[in-house]
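Everything on this sheet refers to the single structure shown next.
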Amino acid sequence: GAGVSQSPRYKVAKRGQDVALRCDPISGHVSLFWYQQALGQGPEFLTYFQNEAQLDKSGLPSDRFFAERPEGSVSTLKIQRTQQEDSAVYLCASTSNNSPLHFGNGTRLTVT
Amino acid sequence: GENVEQHPSTLSVQEGDSAVIKCTYSDSASNYFPWYKQELGKRPQLIIDIRSNVGEKKDQRIAVTLNKTAKHFSLHITETQPEDSAVYFCAASRDGNNRLAFGKGNQVVVIP
């Protein structure tokens, strides 16, 4: 079936704007993760859902970052009042029953 | 939290030679160690993983070895091919795919 789908693929925001990034996980995958990947760096954990429950949000860098997965499928990562340091690729990944983690292609966010 | 480091940051090898990338980790409770390959502008893809109850795992030209005492694990690629050129990330966690801590990545260049 289809892999993890993320939209938009690219997003340019002016500093101070709010953005919303969408992730469609693989159908049936219980677990969903968000990672932030800065240029030239490895992915850094942001948050984790099991079904609709957000079990770990310890990686969110500030209270401007908020994630939800209300029906246990699609997830949205929202960043309020974007800052230049938020510029990065935001990767979503899903898995089920400890199968390998499947990443999406990411959303490249550029804050100007 | 877990701290994962990768060495060297860039590795150039002649086609057909072997490439070895080493990672060290800090949390002795980590028990899951995956390796991901990421081509430019694409998603990270799992290539091999190992759990702490195993010392070595092999899949065709790819192998991973784990030394729990020294807290390091290595990726071995034999008979390298140009399509092996990519950035390779190691990662570690205490709880399977949850809260993976990634290294900064190794750029591998295979010279034809």
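First to last, the sequence lines map onto chains A and B.
Residue numbers in the first sequence follow our numbering, run continuously in steps of one, and reach 115 at the last position.
Residue numbers in the second sequence follow our numbering, run continuously in steps of one, and reach 473 at the last position.
Just so it is clear, CB atoms sit at the ideal spot from N, CA and C, and this is done for glycine as well.
Pull up the CB-CB distance for residue i and residue j, whole angstroms please, since I reckon it's below 8 Å.
i	j	result
L35 of chain A	S97 of chain A	5 Å
P46 of chain A	P405 of chain B	7 Å
D410 of chain B	F394 of chain B	6 Å
R460 of chain B	F48 of chain A	5 Å
A380 of chain B	T441 of chain B	6 Å
R455 of chain B	N364 of chain B	Going by Cβ atoms, the distance from R455 of chain B to N364 of chain B rounds to 13 Å, so no, they are not a contact pair.
Can you confirm whether residue i, when its beta carbon is compared against all beta carbons of chain A, has any partner nearer than 7 Å?
i	result
L401 of chain B	no
L372 of chain B	no
Q422 of chain B	The sequence given here places Arg at residue 422 of chain B; Gln does not occur at that position. No, no contact with chain A.
L436 of chain B	no
L412 of chain B	One point to set straight first is that residue 412 of chain B is Arg, not Leu, in the sequence displayed. With 7 Å as the cut-off, R412 of chain B does not count as an interface residue toward chain A.
P405 of chain B	yes
Taking 7 Å as the CB-CB limit, is residue i close to chain B?
i	result
G19 of chain A	no
Y51 of chain A	yes
F68 of chain A	no
Q44 of chain A	yes
T98 of chain A	yes
N108 of chain A	yes
P64 of chain A	no
P11 of chain A	no
P28 of chain A	no
L35 of chain A	no
L24 of chain A	no
Just the Cα atoms here: how many angstroms apart are residue i and residue j?
i	j	result
V15 of chain A	S413 of chain B	42 Å
G62 of chain A	K429 of chain B	26 Å
D469 of chain B	S373 of chain B	Reading off the sequence shown, one finds Val at residue 469 of chain B, where the question assumed Asp. Their backbone Cα atoms lie some 6 Å apart in a straight line.
R84 of chain A	A23 of chain A	11 Å
Q44 of chain A	N467 of chain B	10 Å
P369 of chain B	Y386 of chain B	15 Å
G416 of chain B	E400 of chain B	28 Å
G402 of chain B	V92 of chain A	10 Å
Q9 of chain A	R111 of chain A	10 Å
A431 of chain B	D388 of chain B	11 Å
K17 of chain A	P28 of chain A	28 Å
Q53 of chain A	S78 of chain A	11 Å
W396 of chain B	A41 of chain A	19 Å
G362 of chain B	K465 of chain B	16 Å
Could you pull the start and end residues of the beta strand (DSSP E) that residue i belongs to?
i	result
V15 of chain A	13-16
N428 of chain B	423-428
A452 of chain B	447-453
T110 of chain A	110-114
T441 of chain B	Per DSSP, T441 of chain B belongs to no beta strand (DSSP E) and is neither H nor E.
Under 8 Å (Cβ pairs) to chain A, residues found in the stretch 450-465 of chain B
F450, A452, G457, N458, N459, R460, L461, A462, F463, G464, K465
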